[in-house]
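Visitor: Residue numbers 1197 to 1330, in our numbering, belong to the letters of the sequence shown in order.
Got a structure for you, questions after.
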Amino acid sequence: MSQTSAQLDYAPWPTGERRRPADRRLGERRLELVGVEAERRLGADRRRPVGRRESASGHIRNALQVLESALDESERDGDSMERDTILAAIDRLRQALHEVDRLAQDRSHLGQLFRLTERGLPPDTLPGLRAWPA
(Lines of atoms letter the chains of each structure in order from A and count residues from 1; the text may use other names and numbers.)
(Lines give C-alpha, C1' and ligand atoms only; values in the text may rest on other atoms or scores of the structure.)
Protein backbone atom coordinates (compact mmCIF):
# COMPACT_ATOMS: atom_id res chain seq x y z
CA MET A 1 0.00 0.00 0.00
CA SER A 2 1.49 3.33 -1.01
CA GLN A 3 1.13 6.15 1.41
CA THR A 4 1.23 9.90 0.79
CA SER A 5 2.35 12.40 3.37
CA ALA A 6 -1.33 13.34 3.86
CA GLN A 7 -2.10 9.83 5.17
CA LEU A 8 0.23 9.38 8.14
CA ASP A 9 -0.35 6.40 10.46
CA TYR A 10 0.96 8.25 13.50
CA ALA A 11 0.35 11.57 15.20
CA PRO A 12 3.49 13.77 15.16
CA TRP A 13 3.02 14.47 18.90
CA PRO A 14 0.53 13.47 21.57
CA THR A 15 -2.97 14.78 20.87
CA GLY A 16 -3.20 16.37 24.33
CA GLU A 17 -0.34 18.75 23.54
CA ARG A 18 -1.65 22.34 23.53
CA ARG A 19 1.49 24.44 23.74
CA ARG A 20 2.39 24.40 20.07
CA PRO A 21 0.26 24.63 16.95
CA ALA A 22 -0.20 21.77 14.57
CA ASP A 23 2.60 21.42 12.04
CA ARG A 24 0.81 22.14 8.81
CA ARG A 25 3.79 21.10 6.71
CA LEU A 26 3.32 17.42 7.52
CA GLY A 27 0.39 16.76 5.22
CA GLU A 28 -0.08 17.39 1.54
CA ARG A 29 -2.26 20.45 1.20
CA ARG A 30 -2.97 20.22 -2.52
CA LEU A 31 -4.90 17.00 -2.87
CA GLU A 32 -6.46 17.69 -6.25
CA LEU A 33 -5.49 19.81 -9.24
CA VAL A 34 -8.22 22.20 -10.28
CA GLY A 35 -8.10 24.23 -13.46
CA VAL A 36 -8.98 27.90 -13.35
CA GLU A 37 -9.94 30.22 -16.14
CA ALA A 38 -7.20 32.57 -17.28
CA GLU A 39 -7.65 36.21 -16.35
CA ARG A 40 -8.46 38.06 -19.55
CA ARG A 41 -8.38 41.59 -18.20
CA LEU A 42 -5.04 43.35 -17.95
CA GLY A 43 -3.62 46.15 -15.82
CA ALA A 44 -6.00 48.97 -15.04
CA ASP A 45 -8.92 47.06 -16.58
CA ARG A 46 -8.91 44.75 -13.56
CA ARG A 47 -9.75 47.60 -11.21
CA ARG A 48 -13.09 49.30 -10.88
CA PRO A 49 -13.37 52.37 -13.08
CA VAL A 50 -12.27 55.54 -11.31
CA GLY A 51 -15.63 57.20 -11.96
CA ARG A 52 -17.43 54.52 -9.94
CA ARG A 53 -15.33 54.92 -6.81
CA GLU A 54 -16.92 56.86 -4.00
CA SER A 55 -15.47 60.26 -3.21
CA ALA A 56 -14.25 61.29 0.23
CA SER A 57 -17.32 63.47 0.65
CA GLY A 58 -19.50 60.47 -0.24
CA HIS A 59 -17.86 58.41 2.50
CA ILE A 60 -18.38 61.22 5.00
CA ARG A 61 -22.05 61.57 4.01
CA ASN A 62 -22.54 57.82 4.50
CA ALA A 63 -20.88 57.99 7.93
CA LEU A 64 -23.21 60.86 8.84
CA GLN A 65 -26.22 58.75 7.88
CA VAL A 66 -25.01 55.86 10.03
CA LEU A 67 -24.40 58.14 13.01
CA GLU A 68 -27.77 59.85 12.61
CA SER A 69 -29.51 56.47 12.74
CA ALA A 70 -27.41 55.57 15.82
CA LEU A 71 -28.48 58.90 17.34
CA ASP A 72 -32.14 57.96 16.83
CA GLU A 73 -31.48 54.64 18.58
CA SER A 74 -29.72 56.29 21.52
CA GLU A 75 -32.56 58.80 21.90
CA ARG A 76 -35.03 55.91 22.08
CA ASP A 77 -32.88 54.19 24.70
CA GLY A 78 -32.46 57.43 26.68
CA ASP A 79 -28.65 57.20 26.94
CA SER A 80 -27.58 60.86 27.17
CA MET A 81 -23.82 60.19 27.28
CA GLU A 82 -23.96 58.11 24.10
CA ARG A 83 -26.17 60.79 22.50
CA ASP A 84 -23.63 63.53 23.30
CA THR A 85 -20.79 61.43 21.89
CA ILE A 86 -22.70 60.77 18.67
CA LEU A 87 -23.62 64.45 18.33
CA ALA A 88 -19.95 65.41 18.72
CA ALA A 89 -18.96 62.87 16.04
CA ILE A 90 -21.66 64.19 13.69
CA ASP A 91 -20.43 67.74 14.23
CA ARG A 92 -16.82 66.73 13.45
CA LEU A 93 -17.90 64.90 10.30
CA ARG A 94 -19.92 67.92 9.12
CA GLN A 95 -16.83 70.10 9.59
CA ALA A 96 -14.74 67.57 7.65
CA LEU A 97 -17.34 67.45 4.87
CA HIS A 98 -17.33 71.25 4.63
CA GLU A 99 -13.52 71.23 4.39
CA VAL A 100 -13.48 68.47 1.75
CA ASP A 101 -16.05 70.33 -0.36
CA ARG A 102 -14.09 73.58 0.00
CA LEU A 103 -10.85 71.89 -1.06
CA ALA A 104 -12.60 70.31 -4.06
CA GLN A 105 -13.81 73.75 -5.15
CA ASP A 106 -10.32 75.19 -4.67
CA ARG A 107 -8.78 72.36 -6.68
CA SER A 108 -11.27 72.95 -9.50
CA HIS A 109 -10.59 76.68 -9.39
CA LEU A 110 -6.82 76.14 -9.49
CA GLY A 111 -7.18 73.75 -12.41
CA GLN A 112 -9.13 76.33 -14.40
CA LEU A 113 -6.60 79.04 -13.53
CA PHE A 114 -3.72 76.80 -14.54
CA ARG A 115 -5.30 76.00 -17.91
CA LEU A 116 -5.90 79.70 -18.60
CA THR A 117 -2.45 80.89 -17.54
CA GLU A 118 -0.87 78.01 -19.46
CA ARG A 119 -2.44 79.51 -22.60
CA GLY A 120 -1.38 83.01 -21.61
CA LEU A 121 -4.93 84.21 -20.87
CA PRO A 122 -5.89 86.44 -17.91
CA PRO A 123 -8.07 84.90 -15.14
CA ASP A 124 -11.03 87.13 -15.96
CA THR A 125 -11.42 85.36 -19.33
CA LEU A 126 -13.91 82.96 -17.77
CA PRO A 127 -16.93 84.51 -16.04
CA GLY A 128 -16.85 84.05 -12.28
CA LEU A 129 -13.18 83.03 -12.20
CA ARG A 130 -11.07 85.18 -9.93
CA ALA A 131 -7.33 85.41 -9.53
CA TRP A 132 -5.90 83.11 -6.87
CA PRO A 133 -4.88 85.05 -3.75
CA ALA A 134 -1.11 85.28 -3.46
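Note that CB positions come from ideal geometry on N, CA and C, so glycine has one too.
Secondary structure at glutamine 1199, three-state DSSP: helix, strand or coil?
Guide: As a first step, residue 1199 must be located in the sequence shown, where it is residue number 3. With a pLDDT of 49 at glutamine 1199, under the threshold of 50, the modelled position of this residue cannot be trusted; read the value that follows with caution. In this structure, glutamine 1199 counts as coil in the three-state DSSP scheme.
Visitor: Indicate whether leucine 1283 and leucine 1260 have their beta-carbon atoms separated by less than 8 Å.
Guide: Residue mapping note: residue 1283 aligns to position 87 of the sequence shown, counting from 1. Residue mapping note: residue 1260 aligns to position 64 of the sequence shown, counting from 1. Their beta carbons are not under 8 Å apart, which means leucine 1283 does not touch leucine 1260 by this criterion.
Visitor: Going by C-alpha distance, which of Thr1313, Thr1281, Gln1308 and Asp1280 is nearest glycine 1324?
Guide: Numbered from its first residue, the sequence shown carries residue 1324 at position 128. Ranking Thr1313, Thr1281, Gln1308 and Asp1280 by Cα distance to glycine 1324 puts Gln1308 first.
Visitor: Which same chain residues, not among the five before or five after leucine 1312, have their C-beta less than 8 Å away from its C-beta?
Guide: Taking the first residue of the sequence shown as 1, we reach residue 1312 at position 116. The beta carbon of leucine 1312 is closer than 8 Å to those of Pro1318, Pro1319, Thr1321, Leu1322 and Leu1325 in its chain, skipping five residues each way along the sequence.
Visitor: In terms of residue numbering, what span does the alpha helix (DSSP H) encompassing leucine 1306 cover?
Guide: Translated into positions along the sequence shown, residue 1306 becomes position 110. Start and end: 1276 to 1314.
Visitor: Can you look up valine 1262 in the DSSP assignment and give me helix, strand or coil?
Guide: Here the question's residue 1262 lines up with position 66 in the sequence shown. Under the three-state reduction of DSSP, valine 1262 is assigned to helix.
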